[in-house]
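Residue numbers (this note's numbering): 173 to 572.
Heads up: the structure comes next, in structure tokens.
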Ligand code: T4K
């Protein structure tokens, strides 16, 4: 056996000298926007829909082929603004359990009750059949999520919304840049909200937006973002401060220029992971429909211990020893969060299988082939030595 085949946890050399974290954000160099930033500082106008935010909104609307967007200070405020702009302030909203906690929290903050649905095994996104089963006379909306940047089944969900007279909203925090049927996401359903957080493929540090084809909804969202002020200081309804700053808009404008190349690179990395990992026993990968080109926020891998030889925790520890830092996104399905204790007795087997067995691999805008191959090689070698790796992890846990 070759020495370099031995996993680090068993004494082999590390695959990666420097740590490869779950996220490696890419930002434009300061020189590229320093003059405009300086102009904003000198003018004193740094927020409240300044000129750069307005320019950024126009560029985003063009990118997503929608009549307008409402830029916000983060993805969560964009989600809240979208829900309220769609009239959600009571009743039930059907959401996936397999998502970041931000999704059901936003529903709760709007005064409605999240009702959790199971996910689809191939895409990890909400299962439209289960959604329809959960509709009651109290249901107001479906709030689906584009998990990992894979778009949910917009056609099926839009059809359900029409059949039952429900709003169909998309928490597309992870999926800015994904294309469905050749169209960039943004114009689907009644509205979509996005996150431009530092961890996202398209990052403005903090940031987000609401996109929609419905100009009335967008007008209402713009007011809600600014405390609800509609005519001068009068307010039709209570809003929040969800305004984006000028510096975030400037970064966003720069990011748009290089984003096409970033999305392509992410697709290549995902394809490389798939080629390398699909052949390993006990490994299940996401299968987005062929009409999609996902932005691949992360690359999810579901591990079945019986065939792979190691469980998620053992894989996580063995990869960390190689300097490869994966994440257990989302390691508690939302219906098991303490905040939603009432929903715990629900059985959502596919969401639970995903949440308790997934590791998310990093996908960077500038990831090299070599970096992606480190993850593939690590999976190969820990699988080959699975029994001893499991013993080593058990020993470490005992010692801790
Ligand atoms: N809806 C959905 C479906 C979402 O997933 C999210 C957010 C939202 C709504 C709300 O959008 P935002 O309001 O956040 O815009 C992260 C992100 O904070 C969050 O944006 C994201 N989803 C969630 C899934 O993940 P954490 O708690 O995992 O972040 P943290 O601090 O552990 O960082 C992750 C990695 O990123 C670390 O390795 C460090 C690195 N990192 C982090 C930051 C903050 C950087 O390299 N630079 C940074 O500035 O939540």
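For every residue, glycine included, the Cβ atom is placed at its ideal position computed from N, Cα and C.
Check for me: the alpha helix (DSSP H) holding residue i runs from which residue to which?
| i | result |
| --- | --- |
| residue 528 | 521-529 |
| residue 317 | Premise fails: residue 317 lies in the beta strand (DSSP E), 311-317, not in any alpha helix (DSSP H). |
| residue 387 | 387-397 |
| residue 549 | 541-556 |
| residue 229 | 223-236 |
| residue 329 | 326-336 |
Under the rule that 16 or more other beta-carbon atoms within 10 Å means buried, what is residue i, buried or exposed?
| i | result |
| --- | --- |
| residue 464 | buried |
| residue 236 | buried |
| residue 183 | exposed |
| residue 450 | exposed |
| residue 185 | exposed |
| residue 438 | buried |
| residue 238 | buried |
| residue 248 | buried |
| residue 305 | exposed |
| residue 349 | buried |
| residue 334 | exposed |
| residue 480 | buried |
| residue 404 | exposed |
| residue 287 | buried |
| residue 232 | buried |
| residue 543 | buried |
| residue 538 | exposed |
| residue 396 | buried |
| residue 515 | buried |
| residue 302 | buried |
| residue 198 | exposed |
| residue 192 | buried |
| residue 311 | buried |
| residue 447 | exposed |
| residue 220 | exposed |
| residue 229 | buried |
| residue 436 | exposed |
| residue 569 | exposed |
| residue 213 | exposed |
| residue 187 | buried |
| residue 336 | exposed |
| residue 486 | buried |
| residue 269 | buried |
| residue 564 | buried |
| residue 392 | buried |
| residue 443 | exposed |
| residue 284 | buried |
| residue 216 | exposed |
| residue 358 | buried |
Looking at the unbroken beta strand (DSSP E) that takes in residue i, where does it start and where does it end?
| i | result |
| --- | --- |
| residue 265 | 264-268 |
| residue 463 | Note, residue 463: premise wrong, no beta strand (DSSP E); not H, not E. |
| residue 381 | 380-384 |
| residue 341 | 339-343 |
| residue 363 | 363-367 |
In terms of DSSP beta bridges, what is residue i paired with?
| i | result |
| --- | --- |
| residue 406 | 403 |
| residue 352 | 355, 464 |
| residue 298 | 291 |
| residue 499 | 532 |
| residue 240 | 384 |
| residue 413 | 398 |
Could you give the C-beta distance for residue i and residue j, rounded to a whole number, given that I count them as a contact under 8 Å?
| i | j | result |
| --- | --- | --- |
| residue 469 | residue 372 | 7 Å |
| residue 427 | residue 370 | Between residue 370 and residue 427 the Cβ distance is about 12 Å, and since that is not below 8 Å, they are no contact. |
| residue 530 | residue 501 | 7 Å |
| residue 382 | residue 365 | 5 Å |
| residue 558 | residue 491 | In fact, because the Cβ distance is near 13 Å, the residues do not count as touching under 8 Å. |
| residue 523 | residue 290 | 5 Å |
| residue 527 | residue 503 | 6 Å |
| residue 346 | residue 506 | Incorrect: roughly 15 Å between the Cβ atoms, too far for contact. |
| residue 456 | residue 177 | Actually they are not in contact, since the Cβ atoms of residue 456 and residue 177 sit about 25 Å apart, beyond 8 Å. |
| residue 414 | residue 244 | 4 Å |
| residue 218 | residue 418 | 5 Å |
| residue 250 | residue 400 | Not quite, the Cβ-Cβ distance comes to about 16 Å (not below 8 Å), so this is no contact. |
Mind checking if residue i is an interface residue toward chain D, Cβ cutoff 8 Å exclusive?
| i | result |
| --- | --- |
| residue 345 | You won't find chain D in this structure, because it holds only one protein chain. |
Could you tell me which uninterrupted alpha helix (DSSP H) segments, each at least 4 residues in length, are contained entirely in the segment 244-294, listed from first to last along the chain? Qualifying alpha helix (DSSP H) stretches, in chain order: 247-257, 274-281.
Would you mind listing the beta strand (DSSP E) stretches within the segment 429-490 that are 3+ residues and don't spill past its ends, in chain order? Complete beta strand (DSSP E) runs here, min 3: 455-457, 470-475.
Going along the chain, which unbroken runs of the alpha helix (DSSP H) with 4 or more residues stay wholly within the segment 176-219? Taking only runs of at least 4 residues, the alpha helix (DSSP H) segments lying wholly in the segment 176-219 are 206-215.
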